[in-house]
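Here's the structure, in structure tokens; my notes come after.
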Amino acid sequence: MATTKIWPVHDSLKRLVDYAGNPEKTEYRDLQLALHYAGNSQKTACADEHFFYVSGVGCDPEAVYEQMTAVKQRFGKLHGNVAYHGYQSFKPEEVTPEQCHEIGVKLAKRLWGDRYQVLVATHLNK
Numbered sequence: 010m011a012t013t014k015i016w017p018v019h020d021s022l023k024r025l026v027d028y029a030g031n032p033e034k035t036e037y038r039d040l041q042l043a044l045h046y047a048g049n050s051q052k053t054a055c056a057d058e059h060f061f062y063v064s065g066v067g068c069d070p071e072a073v074y075e076q077m078t079a080v081k082q083r084f085g086k087l088h089g090n091v092a093y094h095g096y097q098s099f100k101p102e103e104v105t106p107e108q109c110h111e112i113g114v115k116l117a118k119r120l121w122g123d124r125y126q127v128l129v130a131t132h133l134n135k
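First residue of the sequence shown: 10, per our numbering; consecutive thereafter.
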């Protein structure tokens with residue numbers, strides 16, 4: 010059973026985005042998983058490629074900081090809460106990294122849909 014928590018961030022959107030998308034926390038190198046995904050071109054091109062579980066809902070994860078900052082400026086939301094940070098946590102072996110990430114993306118879409126920009130980054134307990 011997953012646990013979840015969400016809290017406001019008041020200091021730095023850049024720090025939050027850098028932490029959430031940290032490749033050392035979101036990378037997965039398991040050969041078995043790589044072979045399982047071999048048929049999915051969105052996941053991999055070869056078995057020894059690295060996997061990063063980072064997705065954007067309403068934003069591009071490659072440019073999330075710039076996009077979120079632009080939206081904040083456009084709507085005059087430059088003070089107070091800069092973002093919200095949340096997590097969901099599973100027991101080891103309860104779900105695969107792909108399942109965990111898929112659950113996170115579905116949760117973000119259900120809670121915030123097309124109303125907010127959301128960066129979903131699945132950390133692999135590194």
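For every residue, glycine included, the Cβ atom is placed at its ideal position computed from N, Cα and C.
Keep in mind the model is a prediction, meaning the values are calculated, not measured.
Practice prompt. Determine the burial state of MET77: buried for a count of at least 16 other Cβ atoms within 10 Å of its Cβ, exposed for fewer.
Written response: The residue is buried, with at least 16 neighbouring Cβ atoms inside 10 Å.
Discussion item. Residues in the same chain with beta-carbon distance under 7 Å from VAL80, minus the five sequence neighbours each way, listed in chain order, please.
Written reply: GLN126
Worksheet item: Under 9 Å, do VAL26 and TYR93 count as touching if we go by C-beta distance?
Response: no
Worksheet item: Shortest alpha-carbon distance to LYS118 belongs to which of SER64, LEU133, GLU107 and ALA72?
Response: From the listed residues SER64, LEU133, GLU107 and ALA72, the smallest Cα separation to LYS118 is found for SER64.
Discussion item. How far does the beta strand (DSSP E) with LYS14 in it extend, from its first residue to its last?
Written reply: Note, LYS14: beta strand (DSSP E), 12 to 18.
Discussion item. Once DSSP output is grouped into helix, strand and coil, what is the label at LYS92?
Written reply: Rather than Lys, the amino acid found at residue 92 in this sequence is Ala. Reduced to three states, the DSSP call for ALA92 is strand.
Worksheet item: Do GLY95 and LYS14 have their C-beta atoms closer together than 9 Å?
Response: yes
Worksheet item: Nearest CA to the CA of HIS110: which residue from GLY85, VAL66, LYS23 and ARG83?
Response: VAL66
Discussion item. Once DSSP output is grouped into helix, strand and coil, what is the label at LEU116?
Written reply: helix
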